[in-house]
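S.K.: Positions 1 to 346 (the numbering used here) are the ones given, in order, by the sequence shown.
All C-beta atoms, glycine included, are put in the ideal place defined by N, C-alpha and C.
Computed from a predicted structure; not experimentally measured.
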Amino acid sequence: MRFVTTLRSTTRAPLLQVAKTSAAAIIAWLASQLLLGQPLPIFAAIAALLVVQPSVNQTLLKGIERSVAVVAGVVIAYVAGQLFGAAGWVILVVIVVSLLLAWVLRLGPGSTNQIPISAMLVLALGAQTPGYAVERIIETIIGAAVGLLVNLAIVPPVSIAPAHRAVKQLLTDLAAALSDLASTLTSPSTSGERDALLERARSLRGGRDAAASALVHAAESLTFNPRRGRHREALKMDEELFGRLSVLTTRVLGMVRAVHDHYSTSLIGDATTLAIANELERAAHDLRLVGAVTASHEVPTITAELPALTAPLMIAAPNTDQWILIGSLMEDMRRVREEIIGTSES
Numbered sequence: 001m002r003f004v005t006t007l008r009s010t011t012r013a014p015l016l017q018v019a020k021t022s023a024a025a026i027i028a029w030l031a032s033q034l035l036l037g038q039p040l041p042i043f044a045a046i047a048a049l050l051v052v053q054p055s056v057n058q059t060l061l062k063g064i065e066r067s068v069a070v071v072a073g074v075v076i077a078y079v080a081g082q083l084f085g086a087a088g089w090v091i092l093v094v095i096v097v098s099l100l101l102a103w104v105l106r107l108g109p110g111s112t113n114q115i116p117i118s119a120m121l122v123l124a125l126g127a128q129t130p131g132y133a134v135e136r137i138i139e140t141i142i143g144a145a146v147g148l149l150v151n152l153a154i155v156p157p158v159s160i161a162p163a164h165r166a167v168k169q170l171l172t173d174l175a176a177a178l179s180d181l182a183s184t185l186t187s188p189s190t191s192g193e194r195d196a197l198l199e200r201a202r203s204l205r206g207g208r209d210a211a212a213s214a215l216v217h218a219a220e221s222l223t224f225n226p227r228r229g230r231h232r233e234a235l236k237m238d239e240e241l242f243g244r245l246s247v248l249t250t251r252v253l254g255m256v257r258a259v260h261d262h263y264s265t266s267l268i269g270d271a272t273t274l275a276i277a278n279e280l281e282r283a284a285h286d287l288r289l290v291g292a293v294t295a296s297h298e299v300p301t302i303t304a305e306l307p308a309l310t311a312p313l314m315i316a317a318p319n320t321d322q323w324i325l326i327g328s329l330m331e332d333m334r335r336v337r338e339e340i341i342g343t344s345e346s
C-alpha cells in the first residue's frame with residue numbers, strides 16, 4: 001500500500017487537460033493517416049501528447065522544445081541507419097550520442113529522454129526505408145500543430161483566481177501579525193506565546209513564496225492566451241500589491257523577532273509602547289483597507305471603526321529602559337507606513 005502511495009502524486013491535472021490531450025492525440029493520428037497514408041502515425045501522437053501543456057505559453061515553449069527533440073532523434077537515427085544499419089550495437093551507440101547531444105545543448109529532462117526514445121523507434125521501425133525519416137518529421141510537425149490548435153481552441157486555463165487568493169491570504173496574515181504584535185506590547189505574555197507569535201511571523205515567508213509562485217503561474221497562463229485582455233488588469237493590481245506585501249513580510253518578521261528577543265515586562269503600560277501598539281493596530285487596519293480597495297470589496301465592519309493611519313508616529317523619549325527596541329520598532333513602523341500608503345522610496 002505504501003508503494004502505491006509513493007507512486008501517486010499529491011496533485012493531478014484537471015480532467016479538461018486529460019480531455020484536451022486525448023483529443024489532440026486522436027486528431028493528430030487521424031490527420032496523419034489522411035495526409036500521409038501512414039497506418040500507425042506514432043510520432044504524430046507523441047508530438048501531440050508532448051505539446052498539449054496546461055497553458056498556451058507552456059505549449060509554445062516546453063511543447064515545441066520537446067517536439068524539436070523528436071525531430072533530432074529522427075535525424076540521428078536516420079544518419080546512423082544509413083551509415084551502419086540497424087544492428088543492436090548501433091542502437092546503443094545512438095542512445096549515448098543522443099544523450100550527449102542533449103547534454104551539450106543543455107536540454108531539459110523531458111527533451112533529453114525524448115531524443116534517444118525517438119531515435120530507437122526510428123531504428124526499430126524502418127530507418128533504412130527511403131523517405132521514412134522525412135515522413136516522421138512531417139508527422140511530428142502535424143502532431144505539434146494539432147496539439148497547439150487544440151490547446152488554443154479548448155478553453156485555455158486562466159490561473160488568476162488562485163493568485164488573487166494567495167495574495168489576499170498573505171495580506172490577511174500580515175494584518176493579523178501586526179495586530180498580534182500590538183497585543184503582545186500591551187498585555188503580559190508568556191515565553192510560549194511569544195514563541196508562537198514568532199513562528200506565525202516566520203510562516204509569512206511561506207505565504208509570500210506561495211503568492212509569488214501563484215503570480216508566476218497566473219502570468220504564464222495569460223501569455224498568448226486569447227482571454228488575456230479581460231484579466232490583465234486584475235493580475236497587474238495583484239502583482240503591484242504583492243510587491244508591497246513582500247517588503248512588509250520582511251519588516252513585520254523583523255519587528256516580531258525584535259520583540260521576541262528583547263521582550264521585557266517594563267514594556268507593558270509604558271506610554272511609548274502603547275503609542276507603538278496603537279500605531280500597529282492602525283497599520284493592520286489600513287492594510288485591510290488596501291486589500292479591500294484592491295479587491296473592490298466593502299471594508300469589513302470589524303476594521304471600519306478603527307482609526308486610519310494618517311501620519312507618522314511621533315513620540316517623546318521612552319520611559320522604559322528598552323530604548324533600543326523602541327527605536328527599532330519606530331523605524332520599522334515608519335517603513336511599514338510607507339509601504340502601506342505607497343510612498344516608500346526603498
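1. Is it the case that the Cβ atoms of Ile-340 and Ala-283 are separated by a distance below 8 Å?
2. On a Cα-Cα basis, can you pick out the residue from Ala-48, Trp-29 and Ser-264 that is closest to Pro-39?
3. Between Ile-76, Ile-27, Trp-103 and Leu-181, which has its C-alpha nearest Ala-277's C-alpha?
4. With 16 other CB atoms within 10 Å as the buried threshold, where does Pro-188 fall?
5. Decide if Asp-270 is buried, meaning its Cβ has at least 16 other Cβ atoms within 10 Å, or exposed.
6. Tell me whether the beta-carbon of Leu-197 lies closer than 8 Å to the beta-carbon of Val-256.
7. Are three or more beta carbon pairs between the stretch 59–79 and the stretch 96–109 nearer than 8 Å?
8. What's the C-alpha gap between Pro-41 and Ala-87?
9. Going by the CB atoms, is the gap between Ala-177 and Leu-215 shorter than 8 Å?
10. Under the three-state reduction of DSSP, which class applies to Gly-143: helix, strand or coil?
11. Measuring straight from C-alpha to C-alpha, what distance separates Ala-45 and Thr-21?
12. For the alpha helix (DSSP H) containing Ala-77, name the first residue and the last one.
13. Between the stretch 243–255 and the stretch 196–211, can you find at least three pairs of beta-carbon atoms closer than 8 Å?
14. Under the rule that 16 or more other beta-carbon atoms within 10 Å means buried, what is Ile-302, buried or exposed?
15. From Gly-81, Ala-19 and Ser-32, pick the residue whose C-alpha is nearest to that of Val-52; which is it?
16. Do Ile-27 and Val-146 have their C-beta atoms closer together than 8 Å?
17. Can you check whether the CB of Leu-289 is closer than 8 Å to the CB of Thr-249?
18. So what's Ala-31 in DSSP terms, helix, strand or just coil?
19. Assuming Thr-186 and Leu-274 are in contact, meaning their beta carbons sit under 8 Å apart, how far apart are those beta carbons, in whole angstroms?
20. Quick check on Thr-184: buried or exposed, where buried means 16 or more other Cβ atoms within 10 Å of its Cβ?
21. Alpha carbon to alpha carbon, what distance is there between Phe-43 and Arg-110?
22. Hey, Arg-335 and Arg-251: beta-carbon distance below 8 Å or not?
23. Can you list, in chain order, the residues of its chain with a C-beta nearer than 6 Å to that of Ser-159? Leave out the 5 residues immediately preceding and following it.
24. Comparing C-alpha positions only, which one of Asn-151, Glu-135, Gln-17 and Ala-80 sits nearest to Ala-119?
25. DSSP state of Thr-349, grouped into three classes?
26. Take Tyr-78 and list the residues in its own chain whose beta-carbon comes closer than 8 Å to its own, dropping the five residues that flank it on each side.
27. Just to confirm before moving on: does the CB-CB distance between Leu-241 and Val-167 stay below 8 Å?
28. Applying the criterion that 16 or more other CB atoms from any shown protein chain within 10 Å of the CB defines a buried residue, is Asp-261 buried or exposed?
29. Roughly how many angstroms separate the alpha carbons of Val-259 and Ser-179, rounded to a whole number?
30. Which two residues bound the contiguous alpha helix (DSSP H) that contains Thr-250?
31. Using the three-state DSSP reduction, which class does Gly-131 fall into: helix, strand or coil?
32. On a Cα-Cα basis, can you pick out the residue from Tyr-263, Leu-61 and Ile-115 that is closest to Thr-190?
M.R.: Taking the coordinates as given:
1. Counting from 1 along the sequence shown, the entry for residue 340 is found at position 340. Counting from 1 along the sequence shown, the entry for residue 283 is found at position 283. In this structure, Ala-283 lies closer than 8 Å to Ile-340 by Cβ.
2. On the sequence shown, position 39 is the one that residue 39 refers to. Cα-wise, what sits closest to Pro-39 is Trp-29.
3. Mapped onto the sequence shown, residue 277 falls at position 277. Out of Ile-76, Ile-27, Trp-103 and Leu-181, the CA that lies nearest to the CA of Ala-277 is found in Leu-181.
4. Within the sequence shown, residue 188 is the residue found at index 188, counting from 1. Pro-188 comes out exposed.
5. Residue 270 sits at position 270 when you count from the first residue of the sequence shown. The Cβ neighbour count for Asp-270, taken over all protein chains shown within 10 Å, is at least 16; the residue is labelled buried.
6. Counted from its first residue, the sequence shown places residue 197 at position 197. Counted from its first residue, the sequence shown places residue 256 at position 256. Closer than 8 Å, so yes.
7. Because the criterion of three Cβ pairs below 8 Å is met, the stretch 59–79 and the stretch 96–109 touch.
8. What you label residue 41 is simply residue 41 of the sequence shown in a count that begins at 1. What you label residue 87 is simply residue 87 of the sequence shown in a count that begins at 1. In a straight line, the C-alpha of Pro-41 is about 24 Å away from that of Ala-87.
9. Here the question's residue 215 lines up with position 215 in the sequence shown. Here the question's residue 177 lines up with position 177 in the sequence shown. No, these two residues do not count as a Cβ contact at 8 Å.
10. Counted from its first residue, the sequence shown places residue 143 at position 143. Helix.
11. Stepping through the sequence shown from its first residue, residue 45 is reached at position 45. Stepping through the sequence shown from its first residue, residue 21 is reached at position 21. For Ala-45 and Thr-21, the distance between alpha carbons rounds to 10 Å.
12. Translated into positions along the sequence shown, residue 77 becomes position 77. Element bounds for Ala-77: 64–84.
13. yes
14. On the sequence shown, residue 302 is found 302 positions in, with the first residue counted as 1. Because the pLDDT at Ile-302 is just 41, under 50, the model does not fix this residue reliably, and the value given afterwards should be weighed accordingly. So Ile-302 ends up on the exposed side.
15. Within the sequence shown, residue 52 is the residue found at index 52, counting from 1. It is Ala-19 whose Cα lies nearest to the Cα of Val-52.
16. As a first step, residue 27 must be located in the sequence shown, where it is residue number 27. As a first step, residue 146 must be located in the sequence shown, where it is residue number 146. Against a cut-off of 8 Å, the Cβ pair of Val-146 and Ile-27 comes out as a contact.
17. Your numbering for residue 249 matches position 249 in the sequence shown. Your numbering for residue 289 matches position 289 in the sequence shown. The answer is no: Cβ separation not under 8 Å.
18. For the purposes of this step, residue 31 is taken as residue 31 along the sequence shown, with counting starting at 1. Ala-31 falls in the helix class under three-state DSSP.
19. Within the sequence shown, residue 186 is the residue found at index 186, counting from 1. Within the sequence shown, residue 274 is the residue found at index 274, counting from 1. Indeed, because the Cβ distance is near 6 Å, the residues count as touching under 8 Å.
20. The sequence position of residue 184 within the sequence shown is 184, counting from 1. Burial call: buried.
21. Sequence index remark: in the sequence shown, residue 110 carries index 110 (1-based). Sequence index remark: in the sequence shown, residue 43 carries index 43 (1-based). In the sequence as displayed, the identity of residue 110 is Gly instead of Arg. Between Gly-110 and Phe-43, the C-alpha separation is close to 16 Å.
22. Locating residue 335 in the sequence shown gives position 335, counting from the first residue. Locating residue 251 in the sequence shown gives position 251, counting from the first residue. A contact, by the Cβ cut-off of 8 Å.
23. On the sequence shown, position 159 is the one that residue 159 refers to. Apart from the 5 residues on each side of it in sequence, Ser-159 sits with its Cβ closer than 6 Å to the Cβ of His-217, Ala-218 and Ser-221 in its chain, given in chain order.
24. For the purposes of this step, residue 119 is taken as the residue at position 119 of the sequence shown. Comparing Cα-Cα distances from Ala-119 to each of Asn-151, Glu-135, Gln-17 and Ala-80, the minimum goes to Ala-80.
25. There is simply no residue 349 to check, as the chain begins at 1 and stops at 346 in what is shown.
26. Start at 1 with the first residue of the sequence shown, and residue 78 comes out as number 78. Closer than 8 Å at the Cβ level, and outside the excluded window around Tyr-78, lie Val-122, Ala-127, Tyr-132 and Ala-133.
27. Taking the first residue of the sequence shown as position 1, residue 241 is located at position 241. Taking the first residue of the sequence shown as position 1, residue 167 is located at position 167. Cβ atoms of Leu-241 and Val-167: closer than 8 Å.
28. Along the sequence shown, read from residue 1 onward, the residue named residue 261 stands at position 261. Asp-261 counts as exposed, since fewer than 16 other beta carbons sit within 10 angstroms of its beta carbon.
29. To locate residue 259, count along the sequence shown from 1; it is residue 259. To locate residue 179, count along the sequence shown from 1; it is residue 179. Rounded to the nearest angstrom, the two C-alpha atoms are 14 Å apart.
30. To locate residue 250, count along the sequence shown from 1; it is residue 250. Taken as a continuous stretch (DSSP letters only), the alpha helix (DSSP H) holding Thr-250 covers 232–262.
31. For the purposes of this step, residue 131 is taken as the residue at position 131 of the sequence shown. Reduced to three states, the DSSP call for Gly-131 is coil.
32. For the purposes of this step, residue 190 is taken as the residue at position 190 of the sequence shown. Nearest C-alpha to Thr-190: Tyr-263.
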